[in-house]
Each structure stands twice: as structure tokens, then as C-alpha cells.
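>
Numbering (this note's numbering), first residue to last: 6 to 193.
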């Protein structure tokens with residue numbers, strides 16, 4: 006699956022993407038991506054190799070002008086009712102997006118996320134899309150709002166991705182944003 010926008014192509018990863026992926030994953034810009042940190046080019050090759058078979062829900066964000074991978078976006082279907090064992094409908098998605106810091110603040114994240122949300126709603130049967138972001142991640146909060154998502158919750162000291170200098174977990178405040186398909190249709 007390939008999704009095109011004015012300036013971008015969202016496509017499955019290919020093995021040759023490893024150097025571009027290393028650029029943005031060797032020093033993740035927010036704590037929630039620390040677990041994805043890559044230390045070597047060899048690590049990047051392995052990481053990209055693990056992604057190449059996912060063609061529906063995990064996409065490289067690629068600049069049309071030079072075919073450079075500047076980030077990624079993904080979301081996998083989740084059950085809307087995790088308590089039901091019968092006829093589980095997977096119509097909820099929680100996207101994760103990440104952009105190379107050299108390409109932030111240029112509108113690429115919005116362009117990619119807007120196209121990806123449209124794809125999830127129109128082609129993958131999404132009913133609800135929600136996203137988590139840490140309260141200090143101003144760019145991600147603004148992106149959620151620009152996408153027409155509303156803030157649904159604020160979780161105090163919700164999760165820890167890194168440790169404090171003394172080795173104790175650094176718990177971060179997390180915000181949850183969401184948009185329903187019927188709201189998305191009004192947003193367009």
C-alpha cells in the first residue's frame with residue numbers, strides 16, 4: 006500500500022531505508038521512543054529488516070523530492086471492546102508518529118498524519134483513532150489538535166520511559182486525544 010500527498014509518500018519500509026532510519030532513531034527526540042533507540046548502523050539494518058513485511062499499518066514517511074525517509078507512522082487495529090470474546094470488532098487505532106528532528110516544524114507530520122488518518126477511516130474501517138502524548142511534547146499536542154482530535158484525558162505520572170539521575174523511574178504526565186470517524190468527516 007502506498008499513500009501519496011503533495012510532498013510525501015507513505016510506503017512500506019524497504020531494506021535500503023536503514024541509514025535514514027538510523028538518523029532519527031539513534032537519538033530519539035522524546036522519551037517514549039527511547040526503547041527504539043538504535044546504537045549502530047547494523048542495529049538499523051536489523052530494525053528495518055523486521056519492518057519490511059508490514060505493508061498495511063506501518064509506513065515510512067518519504068520526501069517525494071529526493072526519496073529520503075524522514076520518519077514513520079503506524080497504527081494497528083485494536084478491539085473496541087476488550088471484554089467481549091465473541092465477534093470482536095477491531096475498529097480502533099492508536100497511531101504513533103515520529104519525524105527526523107531536521108524535518109520538524111515544516112508541516113510534514115500533519116501532512117502524513119492527515120493522509121494516514123484518512124486511510125484508516127476510509128480503507129481500514131476505523132471508527133475511533135486515539136493518540137497518547139506526553140504533556141511536555143508541545144508539537145505532538147498541536148498536531149493532535151490540528152487533526153481535529155479532542156483531549157479526552159490527562160493521566161498524572163502515567164508511565165515511565167526513562168530513569169532519573171538517581172536511577173528511579175521518571176513518571177511522565179500523559180494526554181490522550183481522540184477523533185471519531187463521524188467527527189473526521191466533519192473535519193475535512
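Where a beta carbon is used, it is the ideal one built from N, C-alpha and C, also for glycine.
So within the region 119 to 181, which uninterrupted alpha helix (DSSP H) runs reach at least 4 residues, ignoring any that extend past its ends?
The region 119 to 181 contains these whole alpha helix (DSSP H) runs: 143 to 151.
> In terms of alpha-carbon separation, which member of 149, 66, 129 and 140 lies closest to residue 81?
By 1-based counting over the chain shown, the position of residue 81 is 76. The shortest C-alpha separation from residue 81 is found at 129.
> Taking three-plus beta-carbon pairs below 8 angstroms as touching, is the region 52 to 62 in contact with the region 15 to 34?
A contact exists between the region 52 to 62 and the region 15 to 34.
> Using the three-state DSSP reduction, which class does residue 26 fall into: helix, strand or coil?
On the chain shown, position 21 is the one that residue 26 refers to. Correct three-state label for residue 26: helix.
> Using only CA atoms, which one of 14, 13, 48 and 17 lies nearest to residue 29?
Counting from one through the chain shown, the residue named residue 29 turns up at place 24. For the residues 14, 13, 48 and 17, the minimum Cα distance to residue 29 belongs to 48.
> By DSSP, does residue 79 sit in helix, in strand, or in coil?
Along the chain shown, one-based indexing puts residue 79 at 74. Reduced to three states, the DSSP call for residue 79 is strand.
> In its own chain, which residues sit with a C-beta less than 8 angstroms from the C-beta of residue 179, not counting the 5 before and 5 after it?
Here residue 179 corresponds to residue number 174 of the chain shown, with the count starting at 1. For residue 179, where only same-chain residues beyond five positions count, the Cβ hits under 8 angstroms are 137, 138, 139, 140, 159, 160, 163 and 164.
> Rounded to whole angstroms, what is the Cα-Cα separation between residue 197 and residue 78?
Summary: the structure shown does not reach residue 197, with the chain confined to residues 6 through 193, and so no result is reported for it.
> Nearest to residue 76 by alpha carbon, out of 185, 27, 45 and 83?
Stepping through the chain shown from its first residue, residue 76 is reached at position 71. Cα-wise, what sits closest to residue 76 is 27.
> Compute the Euclidean distance between the alpha carbons of residue 94 and residue 186, then round it to the nearest angstrom.
As a working note, residue 94 is residue 89 in the chain shown. As a working note, residue 186 is residue 181 in the chain shown. Straight-line Cα distance between these residues: approximately 15 angstroms.
> In this structure, does DSSP put residue 53 in helix, strand or coil?
Indexing the chain shown from 1 puts residue 53 at position 48. If DSSP states are grouped into helix, strand and coil, residue 53 belongs with the helices.
> Could you give the first and the last residue of the continuous beta strand (DSSP E) run that contains residue 93?
Walking along the chain shown from the start, residue 93 turns up at place 88. Neither: residue 93 is in no beta strand (DSSP E) and is coded neither H nor E.
> What distance in whole Å lies between the Cβ atoms of residue 97 and residue 155, which are believed to be in contact at a cut-off of 8 angstroms?
Your numbering for residue 155 matches position 150 in the chain shown. Your numbering for residue 97 matches position 92 in the chain shown. 16 angstroms between Cβ atoms; not a contact.
> Going by beta-carbon coordinates alone, are residue 183 and residue 157 separated by less than 7 angstroms?
Within the chain shown, the letter at position 178 stands for residue 183. Within the chain shown, the letter at position 152 stands for residue 157. The answer is yes: Cβ separation under 7 angstroms.
> Please classify residue 145 as buried or exposed, where buried requires at least 16 neighbouring CB atoms within 10 angstroms.
Locating residue 145 in the chain shown gives position 140, counting from the first residue. Buried.
> For residue 13, count the other beta carbons within 10 Å of its own beta carbon; 16 or more makes it buried, fewer makes it exposed. Which is it?
Here residue 13 refers to the residue found at position 8 of the chain shown. So residue 13 ends up on the buried side.
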